[in-house]
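What follows is a set of notes on a single structure, which appears directly below.
In our numbering, the protein residues as written are 51 to 318.
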């Protein structure tokens, strides 16, 4: 319960950050009292994502999530390109973490940032992509997909991943939470990562797990056996029970191998 309460508190803070800090300093209306009920993340692990929903890429090309993923796991974030506060921090956090991976966007997995404001255009998306690529050259931002879409497609995707947001007419901005969603190649929600900063090792494990055996090594699979995904925090933690099981199996295999060698020597 403490972890859940802490997560809710962090989400509330991050949602509040999306409201204009400068406007608040100028005595703008305070955030609505039901902010966290109207904007946030509802974890829906295993939910089906509308992979065939139609969007437009930053160059104006029509595309759907299935086509851009190309059978690879998808790392997805939602926000909007004219957001004055939170979205830029999210994108910078994504770029910073992905730049440290040995997996590469476009080659090993897909990355998509989907705009929630239907009034935004491919030009807005392209401008954001160019700026981020210039600031984070090692993150392979050119291989990311910055999407815009019509209200039905945006709403369907947001509903599938449990992303709640609303337009605050008093401040002329959208209120929304911050986080990433890992999606499997067949379009199921695999994991959530909340906040604006994520350990690269955890993102890598999430992509390996979401890839359904297409990414990673034997070591990665052993690590996944020993680490459990905690939905309350959106992070991996050491699962003592699993770790003991893995160590026990490893011990039995080593013992069997040693006994086999002894028998082989005895026969010789």
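Note that beta-carbon positions come from the ideal geometry of N, C-alpha and C, so glycine has one too.
Taken in chain order, the whole alpha helix (DSSP H) runs of length 4 or more contained in the segment 122-167 are 136-148.
Assigned with DSSP and collapsed to three states, residue 193 falls in helix.
Using a Cβ distance threshold of 8 Å, residue 187 and residue 159 do not count as a contacting pair. The segment 87-96 makes no contact with the segment 175-189: fewer than 3 CB pairs, one atom from each, lie closer than 8 Å.
Taking C-beta separations shorter than 8 Å and ignoring five residues to either side along the sequence, the partners of residue 109 in its chain run 172, 176, following chain order. Collapsing the DSSP output to three states places residue 117 in a helix. Here the alpha carbon of residue 226 sits roughly 22 Å from the alpha carbon of residue 104. DSSP, read as helix, strand or coil, puts residue 94 in coil. Nearest neighbour of residue 135 by Cα position, chosen from 106, 246, 251, 115, turns out to be 246. Spanning the alpha carbons of residue 130 and residue 115 requires a straight line of approximately 18 Å.
For residue 169, no alpha helix (DSSP H) segment is defined, and its DSSP state is neither H nor E. Counted as a single uninterrupted DSSP element, the beta strand (DSSP E) harbouring residue 240 occupies residues 239-244.
In this structure, the CA atom of residue 232 is about 17 Å from the CA atom of residue 150. Cβ neighbours of residue 250 within its own chain (closer than 8 Å, five residues either side excluded): 147, 148, 150, 151. Non-local beta-carbon contacts of residue 191 in its own chain, meaning distances under 7 Å to residues more than five positions away in sequence, involve 145, 179, 182, 183 in chain order.
Collapsing the DSSP output to three states places residue 184 in a helix. Under the DSSP definition of a beta bridge, residue 229 partners with 244. In the DSSP assignment, residue 209 falls outside any beta strand (DSSP E) and lies within the alpha helix (DSSP H) extending over 201-211.
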